[in-house]
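Only one structure is covered here, and it is reproduced in the block below.
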Amino acid sequence: MAPRPLIAGNWKMNGQLRDLAELQAIADAGRNGLNEGRDILICPPATMLSASFGILGDVAAVGGQDCHPADSGAHTGDIAATMLKDVGARYVIVGHSERRADHGESDELVRAKAEAAMRAGLIAVICIGETEAERDADATTDVLDRQLAGSLPDDVDGDQVVVAYEPVWAIGTGKTPTADDVRDIHAFIRRRLVDRFGDAADGVRILYGGSVKPANAAEFLAIDNVDGALVGGASLKASDFVAICQASPTA
Ligand code: PGA
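First residue of the sequence shown: 1189, per the working numbering; consecutive thereafter.
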């Protein structure tokens, strides 16, 4: 049985208190059953987490966009998974390609962050994906293989991690892979998860991310082994995000 779909919004470094109105609009849409049969997640900047939690209630979960691998300590400017949990977060994104690129995050570090998330009782949304140059060199599956092997902790239960496949060249560009490519790549990821985790792999949700919009969401979300979406730009506007949620199948 396919896992319950997850539609996740990643606000990145966007959002000020005035933008809580967008979350209020999502919460209002939730009163009409938006989250029936599907999970909804918003990852606002850390400055907005507490306020988001209060507004979204049980319509949508909130999550962090990153965490430190340690549970606490002298790491100025960083946020521990335990601290995210403390303010009501249920998820945390780790290994987003922007963090891999901007902060030189390795697979090993991403894995340590995912382990910290699991220790804190958070679900880790672990991002993987090839760059344009890697795709052009036909190295996509090699890259994904390496990222999956290096970034995922051992011994995961299906509901402790989510894998987000985000081709780097599709993020924020309006370019997307074809539905056939997404089908093949998600099937490949599922096979690798089964090889490694056995039956537990069935419960791991594999999200597609990269220029998901209301106009293309239904096509991507209908593909086998696409168990939801990680949405950047289109998650900043409640009407677009709600439309993407409504395009998702329900469990
Ligand atoms: P995008 O970003 O939807 O703006 O392409 C996706 C992401 O980076 O998670």
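All C-beta atoms in this analysis are idealised placements derived from N, C-alpha and C, irrespective of residue type, glycine included.
As the structure is a computational prediction, the values presented were derived from the model and not from experiment.
Assigned secondary structure, residue i (DSSP; H/G/I helix, E/B strand, else coil)
i            : result
residue 1393 : strand
residue 1413 : coil
residue 1439 : coil
residue 1267 : coil
residue 1229 : strand
residue 1242 : helix
residue 1202 : coil
residue 1386 : helix
residue 1375 : helix
residue 1370 : helix
residue 1248 : coil
residue 1282 : strand
residue 1197 : strand
residue 1211 : helix
residue 1258 : coil
residue 1237 : helix
residue 1289 : helix
residue 1275 : coil
residue 1190 : coil
residue 1418 : strand
Check whether residue i and residue j have beta carbons under 7 Å apart
i            : j            : result
residue 1424 : residue 1395 : no
residue 1300 : residue 1257 : yes
residue 1249 : residue 1278 : yes
residue 1402 : residue 1373 : no
residue 1298 : residue 1251 : no
residue 1398 : residue 1354 : yes
residue 1435 : residue 1406 : yes
residue 1241 : residue 1276 : yes
residue 1338 : residue 1295 : yes
residue 1304 : residue 1327 : no
residue 1371 : residue 1194 : no
residue 1273 : residue 1237 : no
Beta-carbon proximity list for residue i, same chain, < 8 Å, skipping 5 on both sides
i            : result
residue 1443 : Outside the displayed range of the chain (1189 to 1439) lies residue 1443, so it cannot be described from this structure.
residue 1181 : The structure shown does not extend to residue 1181, since the chain is modelled only from 1189 through 1439, so no value can be given for it.
residue 1267 : 1234, 1252, 1254, 1255 and 1256
residue 1306 : 1312, 1341, 1344, 1348 and 1349
residue 1391 : 1191, 1345, 1346 and 1347
residue 1369 : none
residue 1367 : 1407, 1408 and 1411
residue 1385 : 1344, 1346 and 1392
residue 1263 : 1256
residue 1205 : 1236 and 1239
Cβ shell of residue i (< 6 Å), same chain only, five flanking positions each side left out
i            : result
residue 1388 : 1345 and 1346
residue 1378 : 1413
residue 1439 : 1192 and 1225
residue 1197 : 1230, 1419, 1423 and 1429
residue 1336 : 1380
residue 1359 : 1398
Beta-carbon contacts of residue i that lie in its chain and below 7 Å, excluding the five residues immediately before and after
i            : result
residue 1430 : 1214, 1217 and 1222
residue 1329 : 1376
residue 1357 : 1319, 1320, 1323 and 1363
residue 1260 : 1268 and 1270
residue 1293 : 1283 and 1287
residue 1400 : 1408, 1417, 1419, 1422 and 1432
CB contact check: residue i to chain D, cutoff 7 Å
i            : result
residue 1429 : No chain D appears in the structure shown, which is made up of a single protein chain.
If we count Cβ pairs, one from each stretch, closer than 8 Å, do we get three or more for the segment 1340-1352 versus the segment 1309-1316? With a cut-off of 8 Å, the segment 1309-1316 and the segment 1340-1352 count as touching, because enough Cβ pairs lie within range.
What are the complete alpha helix (DSSP H) segments, minimum 4 residues, inside the segment 1308-1350? For the segment 1308-1350, whole alpha helix (DSSP H) runs of length 4 or above, ordered along the chain, are 1320-1324 and 1328-1339.
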